[in-house]
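Colleague: Have a look at this one.
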Amino acid sequence: MLNTFLDYARGTVRAKCEGISAADARRTPLKTSPLMSISGLVNHLRWVEWSWFHLDLLGEPDIGPWTAEDPDREMRIAVEYPLAQLLDEYGRTGRSPRRWIWTRWR
1076 MLNTFLDYAR GTVRAKCEGI SAADARRTPL KTSPLMSISG LVNHLRWVEW SWFHLDLLGE
1136 PDIGPWTAED PDREMRIAVE YPLAQLLDEY GRTGRSPRRW IWTRWR
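Residue numbers (the numbering used here): 1076 to 1181.
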């Protein structure tokens, strides 16, 4: 059920990003949230999902882009990458938990 929900969430994000220009993906229109861009949101979702499985569940080392000095770095650096790349990385993030789950509970 969790895999189905996460697949649905990833698919919805991809569908909502269709046709967005590179400039619009990087825009931060909210003055109260200067890091909130579509690219930043996609990258944030990718790294949050990664951290749930790799850090919280598997106890692996933290290789996320955030730091103690810049805890929102995944949102800040997202504007440096094409939206298509961020979406592809977000999609690939879901493959490793699926493999891990299937190898342990088949």
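C-beta atoms are modelled at their ideal positions from N, C-alpha and C, and glycine is treated no differently. Fair warning: this is a prediction, and the values are worked out from it, not measured in the lab.
Would you identify the three-state DSSP class for Lys1106, choosing helix, strand or coil?
Modeller: Locating residue 1106 in the sequence shown gives position 31, where the first residue counts as 1. Three-state result, Lys1106: coil.
Colleague: Applying the criterion that 16 or more other CB atoms from any shown protein chain within 10 Å of the CB defines a buried residue, is Thr1087 buried or exposed?
Modeller: Position 12 of the sequence shown, counting from 1, holds the residue named residue 1087. Its Cβ having fewer than 16 others within 10 Å, Thr1087 is exposed.
Colleague: Using only the alpha-carbon positions, how far apart do His1119 and Met1150 sit?
Modeller: The residue given as residue 1119 occupies position 44 in the sequence shown. The residue given as residue 1150 occupies position 75 in the sequence shown. Looking at the two C-alpha atoms, the distance is approximately 6 Å.
Colleague: Between Ile1113, Arg1170, Asp1131, which has its C-alpha nearest Leu1158's C-alpha?
Modeller: As a first step, residue 1158 must be located in the sequence shown, where it is residue number 83. The option with the nearest alpha carbon to Leu1158 is Ile1113.
Colleague: Any contact of the segment 1091–1108 with the segment 1152–1169, i.e. 3+ C-beta pairs under 8 Å?
Modeller: With a cut-off of 8 Å, the segment 1152–1169 and the segment 1091–1108 count as touching, because enough Cβ pairs lie within range.
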